[in-house]
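Numbering (our numbering), first residue to last: 116 to 393.
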């Protein structure tokens, strides 16, 4: 069956699905807390807004320990907790589902080193979700569909700063993305994100027409060694929707001096104003 949709029509479908995704009960708008549970495995810790006490596990073990009573009403993987249970993150065999009430859920995440765990709290009635008005975006712009070259390079890393961190995290990148546009040569850094590569970039619109922190573009190399950078598919980082995310900032080589008027611009509230500012 031949695809008869235009590029602009396909983009409209992408954006509709994208907007629905951030409004889900565990979409970006619903994140209300991210709390790291670290330190002494015997030291009880509480998490703002939800019941139960939480403990880090001994070094080398995966997940968190939860102690709660039946009166707390916490269900892990569908079972009411009355005592002690281990809640697993995605680096275990299966991530645990955590339900606190009819609109509040939890997940456990792990840091890049796989050594520390945090509890994330999602609220399907969060203020940001209730106040959300939509995602402002540019019209389709064919000038920012770029065919670049992807060159695999072993042992390459780039320092990425994050909004809430001090200093940089050295992050492995699988290769270089190079292209030339309007007489300017670019060499971009993208790190692995699942099966894709994640490009974190800023440009001359950042902080003016578009979200100040920057934007993300997810791409994958083609079999012939090229890589298509369709900036019309550029999306806002999760921190544009919730302050509880710790987003990476664009490294120096990913900061364009020219405006990229393609992709998402800002998250708006119902009054048409910025949902968040940094």
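Here a beta-carbon is modelled for each residue, glycine too, at the ideal position from N, C-alpha and C.
Do residue 248 and residue 385 have their C-beta atoms within less than 8 angstroms of each other? Here residue 248 corresponds to residue number 133 of the chain shown, with the count starting at 1. Here residue 385 corresponds to residue number 270 of the chain shown, with the count starting at 1. Contact flag set, yes.
From residue 317 to residue 188, what does the alpha carbon distance come to, in whole angstroms? Residue numbering aside, residue 317 sits at position 202 when the chain shown is read from its first letter. Residue numbering aside, residue 188 sits at position 73 when the chain shown is read from its first letter. Distance between the alpha carbons of residue 317 and residue 188 is about 44 angstroms.
7 angstroms CB neighbourhood of residue 267 in its chain, flanking five on each side removed: Looking up residue 267 in the chain shown gives position 152. A distance below 7 angstroms between beta-carbons, with the five flanking residues on each side excluded, links residue 267 to the following residues of its chain, in chain order: 289 and 290.
Opposing strand residues paired with residue 272 [DSSP bridges]: Within the chain shown, residue 272 is the residue found at index 157, counting from 1. According to DSSP, which records beta bridges pairwise, residue 272 is partnered with 287.
Can you give, in chain order, each stretch of the beta strand (DSSP E) that sits fully within the stretch 300 to 350 and has at least 3 residues? 305 to 308, 311 to 316, 330 to 334 and 341 to 345
Of the residues 333, 158, 358 and 252, the one placed nearest residue 310, counting alpha carbons only: Start at 1 with the first residue of the chain shown, and residue 310 comes out as number 195. When each option's Cα is compared against that of residue 310, the closest is 333.
Tell me, which residues are paired with residue 135 by DSSP? Within the chain shown, residue 135 is the residue found at index 20, counting from 1. Answer is none; residue 135 lacks a bridge partner.
Proximity of residue 153 and residue 281 at Cβ, strictly below 8 angstroms: By 1-based counting over the chain shown, the position of residue 153 is 38. By 1-based counting over the chain shown, the position of residue 281 is 166. No, these two residues do not count as a Cβ contact at 8 angstroms.
Buried or exposed: which applies to residue 379, given that a residue is buried once 16 or more other Cβ atoms fall within 10 Å of its Cβ? As a working note, residue 379 is residue 264 in the chain shown. Buried, because 16 or more other Cβ atoms sit within 10 Å of the Cβ of residue 379.
Judging by CA-CA distance, which residue of 203, 338, 365 and 147 is the nearest neighbour of residue 351? The residue given as residue 351 occupies position 236 in the chain shown. The candidate whose alpha carbon is nearest that of residue 351 is 365.
Tell me, please, whether the stretch 268 to 280 touches the stretch 245 to 260 by the rule of three or more beta-carbon pairs shorter than 8 angstroms. no
Taking Cβ to Cβ, would you say residue 200 is nearer than 8 angstroms to residue 214? Working through the chain shown from its first residue, we reach residue 200 at position 85. Working through the chain shown from its first residue, we reach residue 214 at position 99. Contact: no.
Same chain, Cβ closer than 8 angstroms to residue 302, five either side skipped, listed in chain order: If you number the chain shown from 1, residue 302 lands on position 187. Excluding residues within five positions, the ones whose Cβ falls inside 8 angstroms are 291, 292, 293 and 368.
Inter-residue spacing [alpha-carbon to alpha-carbon] between residue 382 and residue 305: Taking the first residue of the chain shown as position 1, residue 382 is located at position 267. Taking the first residue of the chain shown as position 1, residue 305 is located at position 190. Going by the C-alpha atoms only, they are around 24 angstroms apart.
Taking the runs of the alpha helix (DSSP H) that are 4 residues or longer, which of them lie wholly in the stretch 217 to 275? 242 to 246
Residue interval of the beta strand (DSSP E) (run including residue 373): Within the chain shown, the letter at position 258 stands for residue 373. Neither: residue 373 is in no beta strand (DSSP E) and is coded neither H nor E.
Tell me the residue span of the beta strand (DSSP E) that contains residue 168. The sequence position of residue 168 within the chain shown is 53, counting from 1. Taken as a continuous stretch (DSSP letters only), the beta strand (DSSP E) holding residue 168 covers 168 to 171.
Let me know the secondary structure DSSP gives residue 159 once reduced to three states. In the chain shown, counting from the first residue as 1, residue 159 sits at position 44. Here residue 159 sits in coil by DSSP.
Apart from the five residues just before and just after residue 133, which ones in its own chain have a Cβ nearer than 6 angstroms to its Cβ? Within the chain shown, residue 133 is the residue found at index 18, counting from 1. For residue 133, there are no CB contacts under 6 angstroms within the same chain when 5 residues up- and downstream are skipped.
For residue 392, does the three-state DSSP call read helix, strand or coil? For the purposes of this step, residue 392 is taken as residue 277 along the chain shown, with counting starting at 1. It is coil, neither helix nor strand.
6 angstroms Cβ shell around residue 269 - same chain, five flanking residues per side excluded: One-based indexing of the chain shown puts residue 269 at position 154. Nothing listed; no residue qualifies.
Excluding the 5 residues flanking residue 272 on each side, which residues of the same chain have their C-beta closer than 8 angstroms to its C-beta? For this step, residue 272 is matched to residue 157 along the chain shown. Excluding residues within five positions, the ones whose Cβ falls inside 8 angstroms are 285, 286, 287 and 288.
Under 8 angstroms, do residue 252 and residue 130 count as touching if we go by C-beta distance? Within the chain shown, numbered from 1, the residue matching residue 252 stands at position 137. Within the chain shown, numbered from 1, the residue matching residue 130 stands at position 15. Closer than 8 angstroms, so yes.
What's the call for residue 372, buried or exposed, on a 16-neighbour Cβ count within 10 Å? For the purposes of this step, residue 372 is identified with residue 257 of the chain shown, where counting begins at 1. Residue 372 should be labelled exposed.
Thinking C-alpha only, which one of 182, 359 and 212 is nearest residue 161? The residue given as residue 161 occupies position 46 in the chain shown. Nearest of 182, 359 and 212 to residue 161, Cα basis: 182.
Residue interval of the beta strand (DSSP E) (run including residue 147): The count along the chain shown starts at 1 and reaches residue 147 at position 32. Note, residue 147: beta strand (DSSP E), 146 to 152.
Where residue 315 and residue 343 are concerned, what is the direct C-alpha to C-alpha distance, given to the nearest angstrom? Mapped onto the chain shown, residue 315 falls at position 200. Mapped onto the chain shown, residue 343 falls at position 228. Looking at the two C-alpha atoms, the distance is approximately 15 angstroms.
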